[in-house]
Amino acid sequence: GYESIEIHLEGYLSHFELELIEKIAKRTQIIIHYTTSPFNVKMQERFEALGVILPNHTHVSFDLTEKKILTTQPNEAKIKANVFSVEERQEQIAVAFVQIEKMVNSGISPEEIVLILPDENFKEHFTLFDSHHNLNFAMGYDYDNGRIYKSLEALYKYWQSFDAEHKYLLERYGFNFESVEKLSPTKCCKIEEFFSVVDGLGLLECPLLNGEKKEKTNERVYEKYLHFMKIFEKEEMSLKEWLFFWLKALSKITIDDVRGGMITVMGVLETRGVSFEGVVIVDFNEGIVPATSSKDQFLNSSVRAFANLPTKNDREALQKQYYKRLLEQAKEIAILYSSSDNKLPSKFLYELGLESAVATQAQTNLLYDQSAQFVEEKDPLVEHFNAHDITWSASRLKTYLECKRKYYYRYIQKIDPKKEDELNEGAFLHSLLDHLYREKESYENKEEMQKNIDILLDQLLPFDDAQTAYKKLLWKEKLKGFVTSEIEHFKADWRVMEREVEVQGEIGGLRFKGRIDRIDQNATDTLVLDYKSGSTAAANKTKNLEKLTDLQMSIYHQMLTGKYQNIDLAFVKILEGGTIEEITALEEKNELLAQHIIELKQTKSFTAEKCEDLQKCKYCEFTLMCERGEYL
-9 GYESIEIHLE GYLSHFELEL IEKIAKRTQI IIHYTTSPFN VKMQERFEAL GVILPNHTHV
51 SFDLTEKKIL TTQPNEAKIK ANVFSVEERQ EQIAVAFVQI EKMVNSGISP EEIVLILPDE
111 NFKEHFTLFD SHHNLNFAMG YDYDNGRIYK SLEALYKYWQ SFDAEHKYLL ERYGFNFESV
171 EKLSPTKCCK IEEFFSVVDG LGLLECPLLN GEKKEKTNER VYEKYLHFMK IFEKEEMSLK
231 EWLFFWLKAL SKITIDDVRG GMITVMGVLE TRGVSFEGVV IVDFNEGIVP ATSSKDQFLN
291 SSVRAFANLP TKNDREALQK QYYKRLLEQA KEIAILYSSS DNKLPSKFLY ELGLESAVAT
351 QAQTNLLYDQ SAQFVEEKDP LVEHFNAHDI TWSASRLKTY LECKRKYYYR YIQKIDPKKE
411 DELNEGAFLH SLLDHLYREK ESYENKEEMQ KNIDILLDQL LPFDDAQTAY KKLLWKEKLK
471 GFVTSEIEHF KADWRVMERE VEVQGEIGGL RFKGRIDRID QNATDTLVLD YKSGSTAAAN
531 KTKNLEKLTD LQMSIYHQML TGKYQNIDLA FVKILEGGTI EEITALEEKN ELLAQHIIEL
591 KQTKSFTAEK CEDLQKCKYC EFTLMCERGE YL
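Residue numbers (the numbering used here): -9 to 622.
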């Protein structure tokens, strides 16, 4: 055996690893080299329990067999780093390239420079702009971003829906659609037949067991293929089910970066035990550095501590130690973070003594081989504007008041937003409640109303998959408070008289139209109701009314005043217990509407400027056209 074993330790040892090393130390001399800091106190406590007390902030070597310290050297390394803040996340790419170039120009060898990605998914963005192949991604590339995987995924999605959109996607990926149509996704088959089908489509990057050799073979795919052939030898499943499992297997594959880049790109866990002269770290934001794990959400820290499992604080401290050791050994350091969407720099910056950051405007032209081909659009001028020629709606008026550029795109250029694939919560609720009151204008008890809601959920969500079943249960739970409030409402002699009613009329000389969700009546009064699944704070505010843009209820009030007597207006907060919230400051809002109408009639032209409130751009469908948000 060995006379002596030396271990250069970074980070933590598990209880099992420490127990194993302790047993070896009884037979062979074990010397451990370790650097202590406030971030590895827990490991120091474990060594103390074994009889070795380690000084903090020290490079220490100790003999675990003899339980004695051999050498100590105070860790006097100072971290001197340049900290940069940028607006958008993608701007960090350009700044990182500039900092790497500066390090090379200062005499640091490219092989001695590392780019750290705390969020390794960011590598896709760096790959996109690494046109000169200067980067070498130590973590490799994800196979599920390649053509083969994307093609198989498109086939699986087509087999799920058989819709035109996924058919078009198959054609874009080069599928022979006649060949695809001959395949039956529900046909049961053995694993050999499934792989024969995949190979026949040209989407298997390895040879079949009894097939011809291929010029290009992916060894990792071949390993997965052999594994499947072994463990599923006797199984039978449909083609669609086989494809699902094969996609899951392929998604775990990573491909080595063989482009030969000299600048190493790593995740933080890969940095233990290595040192670089130049270090560039991006995404140094709270929540990313140190990264939190989904594992910590399954068991809380007290349970983990009781079970001797790593806690959230332990994981964070371990990452901090890796960062600290990497930075202490570097000559030049650049740390970057973004401030978009109210992101904050990591508090770890202050623990490292790095408080001040330089706000930087990225040279985004560095990311492209040639300058942008599009001509920057100046604010369009709408010269011939006549409000009398338009039939206004509450949403159209709101858009006009909030952002002239959005109004220009939607109503003058007539650019329609992309249709949403996901079920829109508000639209679904409107449809459900419309059906609920088609047959009955009121309900006498909760049981009857809830039963009808359950029936309608089955009719409006007819699919039997697990996701739909979950949605049904979720809606039933969410609507319980609404049902209770509605029964109380009907006990006060209110009845649903009209639903989803189209109204048109003239207000101040301009034509308006709208769709009212519901009109209730009792013996003397009329109640106009608007369903709300979100917040009503903006639409029903009483202060700073001059900034109010949602005048929907004032428009309804003006159009219905001559048709009904004793009109009241209210919001129904469907997901907040069905609370009926009366409209406040209606007279003031009516006056504001009248004022806007006067201004509209006087407007003959306007400049389609972008709005000043960037928060309104966050969910706007024209964000890219306005060059706002996370776009360069």
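Even glycine gets a Cβ: it sits at the ideal position worked out from N, Cα and C.
**Request:** Buried or exposed for residue 6, please, with buried defined as at least 16 other CB atoms from any protein chain shown within 10 angstroms of its CB.
**Result:** For this step, residue 6 is matched to residue 16 along the sequence shown. Exposed, by the Cβ-count rule.
**Prompt:** Of all the alpha helix (DSSP H) runs that stay within the bounds of the stretch 63 to 114, which reach a length of 4 or more residues?
**Reply:** 81 to 95
**Asked** Once you ignore the five residues that flank residue 591 on each side, which residues in its own chain have a CB closer than 6 Å to its CB?
**Response** As a first step, residue 591 must be located in the sequence shown, where it is residue number 601. Within the same chain, residue 591 has close Cβ partners 377.
**For residue 2, three-class secondary structure by DSSP** = Position 12 of the sequence shown, counted from the start, is the residue given in the question as residue 2. Here residue 2 sits in coil by DSSP.
**Item:** Minimum C-alpha distance to residue 139 - residue among 243, 266, 127
**Value:** The residue you call residue 139 lines up with position 149 of the sequence shown. Of all alpha-carbon atoms in 243, 266, 127, the one lying nearest the alpha-carbon of residue 139 is that of 243.
**Message:** Runs of 4 residues minimum, wholly inside the stretch 352 to 403: which ones carry the alpha helix (DSSP H) assignment?
**Reply:** Listed in chain order, they are 384 to 392, 394 to 397.
**Message:** Taking 6 Å as the limit between beta carbons, can you name the residues of its chain near residue 131, skipping five residues before and five after?
**Reply:** Within the sequence shown, the letter at position 141 stands for residue 131. So the qualifying residues of the chain are 245.
**Asked** When you compare each of 34, 13, 610 to residue 23 by their alpha carbons, which one comes out closest?
**Response** Translated into positions along the sequence shown, residue 23 becomes position 33. Out of 34, 13, 610, 34 has the C-alpha closest to the C-alpha of residue 23.
**Asked** Rounded to a whole number of angstroms, what is the C-alpha to C-alpha distance between residue 407 and residue 544?
**Response** Position 417 of the sequence shown, counted from the first residue, corresponds to residue 407. Position 554 of the sequence shown, counted from the first residue, corresponds to residue 544. Straight-line Cα distance between these residues: approximately 27 Å.
**Request:** Look at the alpha carbon of residue 525 and the alpha carbon of residue 610, and state the distance between them as a whole number of angstroms.
**Result:** Numbered from its first residue, the sequence shown carries residue 525 at position 535. Numbered from its first residue, the sequence shown carries residue 610 at position 620. Rounded to the nearest angstrom, the gap between the Cα atoms of residue 525 and residue 610 is 18 Å.
**Request:** To the nearest angstrom, report how far apart residue 387 and residue 586 are at their CA atoms.
**Result:** Reading the sequence shown from its first residue, position 397 is the one you call residue 387. Reading the sequence shown from its first residue, position 596 is the one you call residue 586. Their Cα atoms are separated by approximately 9 Å.
**Item:** C-beta atoms of residue 535 and residue 583 nearer than 8 Å
**Value:** The sequence position of residue 535 within the sequence shown is 545, counting from 1. The sequence position of residue 583 within the sequence shown is 593, counting from 1. Cβ atoms of residue 535 and residue 583: not closer than 8 Å.
**Message:** Can you tell me where the alpha helix (DSSP H) holding residue 279 begins and where it ends?
**Reply:** Position 289 of the sequence shown, counted from the start, is the residue given in the question as residue 279. Premise fails: residue 279 is in no alpha helix (DSSP H) and is neither H nor E.
**Asked** What is the DSSP secondary structure of residue -5, counted as helix, strand or coil?
**Response** Taking the sequence shown and counting its residues from 1, one reaches residue -5 at position 5. Three-state result, residue -5: strand.
**Request:** Whole angstroms is fine: what's the gap from residue 627's alpha carbon to residue 616's?
**Result:** Nothing about residue 627 can be read from this structure; the chain reaches only from -9 to 622.
**Request:** Pull up the CB-CB distance for residue 68 and residue 323, whole angstroms please, since I reckon it's below 8 Å.
**Result:** Within the sequence shown, residue 68 is the residue found at index 78, counting from 1. Within the sequence shown, residue 323 is the residue found at index 333, counting from 1. About 11 Å; that fails the 8 Å criterion.
**Message:** Let me make sure I understand the geometry here. Which of 345, 8, 29 has the alpha-carbon closest to that of residue 36?
**Reply:** Start at 1 with the first residue of the sequence shown, and residue 36 comes out as number 46. The shortest C-alpha separation from residue 36 is found at 8.
**Assigned secondary structure, residue 489 (DSSP; H/G/I helix, E/B strand, else coil)** = As a position in the sequence shown, residue 489 is number 499, starting the count at 1. It is a strand residue.
**Request:** Drop a sphere of 10 angstroms on the beta-carbon of residue 400, count the other beta-carbons inside from all chains shown, and report buried for 16 or more, exposed for fewer.
**Result:** Sequence index remark: in the sequence shown, residue 400 carries index 410 (1-based). When all chains shown are included, residue 400 counts as buried.
**Prompt:** If you pair each beta-carbon of the stretch 109 to 124 with each one of the stretch 217 to 228, do three or more pairs fall below 8 Å?
**Reply:** no
**For residue 358 and residue 4, the rounded distance between their alpha carbons** = For the purposes of this step, residue 4 is identified with residue 14 of the sequence shown, where counting begins at 1. For the purposes of this step, residue 358 is identified with residue 368 of the sequence shown, where counting begins at 1. Between residue 4 and residue 358, the alpha-carbon positions lie close to 47 Å from each other.
**Message:** Can you confirm whether residue 614, when its beta carbon is compared against all beta carbons of chain C, has any partner nearer than 8 Å?
**Reply:** Note that chain C does not occur in the displayed structure, where there is just one protein chain.
**Reduced DSSP category for residue 129 - H, G, I as helix; E, B as strand; rest coil** = Here the question's residue 129 lines up with position 139 in the sequence shown. Three-state result, residue 129: coil.
**Request:** Could you give the DSSP three-state label for residue 147: helix, strand or coil?
**Result:** Start at 1 with the first residue of the sequence shown, and residue 147 comes out as number 157. It is helical.
**Prompt:** Under the rule that 16 or more other beta-carbon atoms within 10 Å means buried, what is residue 108, buried or exposed?
**Reply:** Position 118 of the sequence shown, counting from 1, holds the residue named residue 108. Per the 10 Å Cβ criterion, buried.
**Message:** Could you check whether the stretch 200 to 219 touches the stretch 88 to 106, counting it as contact only if at least three pairs of C-beta atoms, one from each stretch, sit closer than 8 Å?
**Reply:** no
**Prompt:** Under a three-way DSSP split, which group does residue 552 fall into?
**Reply:** Here residue 552 is taken as the residue at index 562 of the sequence shown, counted from 1. In the structure shown, residue 552 sits in coil (DSSP, three-state: anything other than H, G, I, E or B).
**Asked** So is residue 338 buried or exposed if we call it buried at 16+ other beta carbons inside 10 Å?
**Response** As a first step, residue 338 is located in the sequence shown; it is residue number 348 there, counting from the start. By the neighbour-count rule (16 or more Cβ atoms within 10 Å), residue 338 is buried.
**Message:** Would the stretch 500 to 520 count as touching the stretch 557 to 575 if we require 3 or more Cβ pairs under 8 Å?
**Reply:** yes
**Integer-rounded CB distance, given that residue 473 should sit under 8 Å from residue 440** = By one-based count along the sequence shown, residue 440 stands at place 450. By one-based count along the sequence shown, residue 473 stands at place 483. Contact holds; Cβ gap of about 6 Å.
**Prompt:** Rounded C-beta distance between residue 618 and residue 328? I'm assuming under 8 Å.
**Reply:** Position 628 of the sequence shown holds residue 618. Position 338 of the sequence shown holds residue 328. Wrong, their Cβ atoms sit about 15 Å apart, outside the cutoff.
**Message:** Output needed for residue 215: all residues of its chain with C-beta closer than 6 Å, excluding positions within five of it in sequence on either side, in chain order.
**Reply:** As a first step, residue 215 is located in the sequence shown; it is residue number 225 there, counting from the start. Excluding positions up to five away in sequence, the list reads 196.
**Request:** Report the residue from 77, 539, 264 whose alpha carbon sits nearest the alpha carbon of residue 347.
**Result:** Locating residue 347 in the sequence shown gives position 357, counting from the first residue. The shortest C-alpha separation from residue 347 is found at 77.
**Message:** Using the three-state DSSP reduction, which class does residue 459 fall into: helix, strand or coil?
**Reply:** The residue you call residue 459 lines up with position 469 of the sequence shown. Residue 459: helix per DSSP, three-state reduction.
**Message:** As a quick exercise: from 151, 325, 394, pick the residue whose alpha carbon is nearest that of residue 539.
**Reply:** Within the sequence shown, numbered from 1, the residue matching residue 539 stands at position 549. When only C-alpha atoms are compared, the closest one is 394.
**Request:** Could you check how far apart the C-beta atoms of residue 422 and residue 450 are, in whole angstroms? I think they sit under 8 Å.
**Result:** If you number the sequence shown from 1, residue 422 lands on position 432. If you number the sequence shown from 1, residue 450 lands on position 460. Their Cβ separation, rounded to whole angstroms, is 6 Å, which keeps residue 422 and residue 450 in contact under 8 Å.
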